[in-house]
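Trainee: Under the working numbering, think of the first position of the sequence shown as 3, with each following residue one higher.
Every residue gets a Cβ at the ideal spot worked out from N, C-alpha and C, and that includes glycine.
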Amino acid sequence: MNEPKRIAAQQREMPEPSEGYRKVPWLVVLIVGALFAWSIGYIAFTHQGEQPSYGDRRSAADFAVAAPAPGGVVDGAQLYTAQCLACHQASGQGLPGVFPPLADSEWVNGKGSLAIQIVLHGVTGEMTVGGTTYNSQMPTFKDKMNDAEVAAVVSYIRSNFGNTSEPVDAETVKAERAATADRTEPWKGDADLQAMK
Ligand code: HEC
3 MNEPKRIAAQ QREMPEPSEG YRKVPWLVVL IVGALFAWSI GYIAFTHQGE QPSYGDRRSA
63 ADFAVAAPAP GGVVDGAQLY TAQCLACHQA SGQGLPGVFP PLADSEWVNG KGSLAIQIVL
123 HGVTGEMTVG GTTYNSQMPT FKDKMNDAEV AAVVSYIRSN FGNTSEPVDA ETVKAERAAT
183 ADRTEPWKGD ADLQAMK
């Protein structure tokens, strides 16, 4: 009975939609193809035979540090970087409240012997630097550095970071070391060192 009606409804139906199709533009194909070819070539022809760890093209030789000749010149800047920079910073400004500054410090720029003694034996306890009191610890360097090295690093801090004090020599360090040879403890900050200024 309802048959003709249903057919009429069916006839009004639109065909099933289907997805359109458009070709990839030839320019895009060309660009992708060119990039692909270029990248294969890049991998194949570049950086062959180089260790990946030398990615920035530096070789092991670039990292070699020339060992100072015995009795030769010791590099104070290099010693500073290796032994002191972690605390007193590259700028010599220290870290506020933790590590005192070497720049413009009365301890660095005072008597050469004073700075030498500080480096030889280290410091602990309250120490006033530029009006600020620090209460921390600096390690001893008497077993880590020889006379020439102490002289070099002390001379370095006395002539950098804006400081313009006279250098010290290894002979002075030798004498200072001998004078305090029986000392096993670090200097007790202001308590010991003020009197030595
Ligand atoms: C582990 C951190 C540390 C290292 C490494 C260190 N220092 Fe210090 N230094 C200190 C601290 C902390 C003080 C202050 C001590 C205190 O508070 O009693 C100090 C104090 C000083 C002082 C006297 C105060 C001033 O600021 O002028 C001098 C000079 C000094 N250090 C030089 C050196 C030199 C040179 C080296 C490297 C050979 C060195 N220090 C390595 C932590 C360090």
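Would you mind stating whether V110 and R160 have Cβ atoms separated by less than 8 Å?
Mentor: Yes. Within cutoff.
Trainee: Assess contact between the segment 150 to 158 and the segment 123 to 138, defined as three or more Cβ pairs (one per stretch) separated by less than 8 Å. Is contact present?
Mentor: No, the segment 150 to 158 is not in contact with the segment 123 to 138.
Trainee: May I ask you to report which of helix, strand or coil DSSP gives V200?
Mentor: Past the boundaries of the shown model lies residue 200; the chain is included only from 3 to 199, so the question cannot be answered.
Trainee: Using C-beta distances below 6 Å, list every residue in its chain close to G124, excluding the 5 sequence neighbours before and after it, in chain order.
Mentor: Around G124: M140, P141, T142, P188.
Trainee: Based on Cα-Cα distance, which residue from E173, K146, L116 lies nearest to D194?
Mentor: It is L116.
Trainee: How about H90 and G96: are their beta carbons less than 8 Å apart?
Mentor: It is a contact, given that the beta carbons lie within the stated cut-off.
Trainee: Which residues, in chain order, sit with a beta-carbon under 6 Å away from any heavy atom of ligand 1?
Mentor: The filter returns Q85, C86, A88, C89, H90, F101, P102, P103, L104, S107, W109, V110, A117, I120, V121, V125, T126, G127, M129, V131, Y136, N137, S138, Q139, M140, P141, F143, V155, I159, G191, in chain order.
Trainee: Comparing C-alpha positions only, which one of A39, N162, I45 sits nearest to P103?
Mentor: For P103, the nearest C-alpha among the options comes from N162.
Trainee: Between the Cα of V175 and those of V156, A84, I33, D192, spot the shortest distance and give me the residue it belongs to.
Mentor: For the residues V156, A84, I33, D192, the minimum Cα distance to V175 belongs to V156.
Trainee: Using a Cβ-Cβ cut-off of 7 Å (strictly less than) and excluding sequence neighbours within five positions of V121, which residues of its own chain qualify?
Mentor: Contacts found: F143, V152, V155, V156.
Trainee: Return the chain-ordered list of same chain residues with a C-beta closer than 6 Å to the C-beta of D192, the five sequence neighbours on each side being excluded.
Mentor: Excluding sequence neighbours, D192 sits near E128, M129, T130.
Trainee: Compute the Euclidean distance between the alpha carbons of V26 and L32, then round it to the nearest angstrom.
Mentor: Looking at the two C-alpha atoms, the distance is approximately 10 Å.
Trainee: Quick one, which of A10, V34, S167, W40 has its alpha-carbon nearest E108's?
Mentor: Of A10, V34, S167, W40, the residue nearest in Cα terms is S167.
Trainee: I'd like to know whether the C-beta atoms of Y82 and Y158 end up nearer to each other than 8 Å.
Mentor: Closer than 8 Å, so yes.
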